[in-house]
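Shown next, in structure tokens, is the structure this report addresses.
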Amino acid sequence: MKAYAIQARRPNAERDRLISEYVEIARRISLRMARRCPDWIAREDLVAAGLLGLTEAAERYDDSRNEPFLSFATKRIRGAVMDELRKGDIMPRRVRQMARKIGQTIQQLERELGCAPSDDQVAAKLGVPLAEYKEHLEQLVHVTVGALEMGDDTMAMAGQEDSPETQAGNRVAITRVRAALEHADKRDVTLLALYYNEELTYAEIAVVLGVTVSRVCQLHGRAIARLRAQLEGETGAVAA
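Heads up: the sequence shown is residues 5 to 244, going by the working numbering.
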């Protein structure tokens, strides 16, 4: 409490200087995260959340801890944007159920066929037309931002200072995702890495993979469904 009280008394002039100096960086971080969001998520809301995160960082920064302000502020900015996204629940229950069903169906066909099933095979197993299945895949890309982050900075996504328990939990989550990716289709891994790590747009990924932009969106949705199903299956096995 004493340390927080000291931070809370940071001079307004110093706080305002930090905000003014890093406001554009906060905007860039917020907009970069917004690139991964559905169109109905208001970019200005995410930028506003990021600026609030910057303000909080400027108020609570303790330079005696020898952590650069940019590093400290980046955690706060990203965490604030994440909190805003969680409030919006950008993956409704219906879409979550669809993701689970598609992922489980793909896994079942992989076991039966001994290889990755085609879109036609998955659609037939689901009992829906191929066009409807592809439409479902495109909806599945609207996952919570950060849920499938693969970089080491995943542990910096929390909105508050991470406790040892939180850091340990994050490390476990990252390990599980990486382990799941080891068994994923190579094209899925490449696509997820290009999108989440390299932050390429669908158009840029389409050029790399030699497919259409619409197909990139479908492949992204399929990769998400498969990965979520695998992770949820592991969780269920542990709980059992």
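Cβ atoms here follow ideal geometry from the backbone N, Cα and C, with glycine treated the same way.
C-alpha gap between residue i and residue j, whole angstroms
{"i": "ILE29", "j": "VAL193", "result": "29 Å"}
{"i": "GLU139", "j": "MET86", "result": "27 Å"}
{"i": "GLU114", "j": "SER218", "result": "24 Å"}
{"i": "ILE45", "j": "ILE106", "result": "25 Å"}
{"i": "GLY131", "j": "ASP124", "result": "10 Å"}
{"i": "VAL31", "j": "TYR137", "result": "As written in the sequence, residue 31 is Arg, which differs from the Val given in the question. Approximately 36 Å between the Cα atoms of the pair."}
{"i": "GLN108", "j": "ALA233", "result": "6 Å"}
{"i": "ALA244", "j": "GLU186", "result": "Confidence at ALA244 is low in this model, with a pLDDT of 38, below 50, so the placement of that residue should be treated as unreliable; the coordinate-derived value is given next. Cα-Cα distance, rounded: 24 Å."}
{"i": "ALA210", "j": "GLU202", "result": "14 Å"}
{"i": "GLN111", "j": "LEU235", "result": "12 Å"}
{"i": "ALA38", "j": "VAL215", "result": "24 Å"}
{"i": "GLU208", "j": "ALA17", "result": "43 Å"}
{"i": "SER75", "j": "SER24", "result": "16 Å"}
{"i": "PRO72", "j": "ARG47", "result": "28 Å"}
{"i": "GLN101", "j": "ARG191", "result": "24 Å"}
{"i": "LYS129", "j": "SER122", "result": "11 Å"}
{"i": "GLU63", "j": "ALA183", "result": "39 Å"}
Beta-carbon proximity check, residue i vs residue j, cutoff 8 Å
{"i": "ILE228", "j": "ALA103", "result": "yes"}
{"i": "LEU55", "j": "VAL27", "result": "yes"}
{"i": "ALA120", "j": "ASP189", "result": "yes"}
{"i": "LEU213", "j": "LEU204", "result": "no"}
{"i": "TYR206", "j": "VAL220", "result": "yes"}
{"i": "LEU35", "j": "VAL99", "result": "no"}
{"i": "ARG69", "j": "ILE33", "result": "no"}
Rounded Cβ spacing between residue i and residue j (contact assumed at less than 8 Å)
{"i": "ALA61", "j": "ARG80", "result": "4 Å"}
{"i": "LEU117", "j": "GLY225", "result": "Going by Cβ atoms, the distance from LEU117 to GLY225 rounds to 20 Å, so no, they are not a contact pair."}
{"i": "LEU195", "j": "LEU223", "result": "6 Å"}
{"i": "TYR65", "j": "LEU22", "result": "7 Å"}
{"i": "ALA77", "j": "LEU58", "result": "6 Å"}
Terminal residues of the alpha helix (DSSP H) in which residue i lies
{"i": "VAL215", "result": "Unbroken run through VAL215: none, as it is neither H nor E."}
{"i": "SER34", "result": "16-38"}
{"i": "ARG69", "result": "No alpha helix (DSSP H) contains ARG69, which DSSP labels as neither H nor E."}
{"i": "THR194", "result": "190-196"}
{"i": "LEU55", "result": "47-64"}
{"i": "LEU134", "result": "134-143"}
{"i": "LEU204", "result": "That residue, LEU204, is in no alpha helix (DSSP H); it is neither H nor E in DSSP."}
Closer than 7 Å: residue i CB and nearest the ligand ADP heavy atom
{"i": "VAL217", "result": "Ligands are entirely absent from the displayed structure, and the ligand ADP is therefore not among its contents."}
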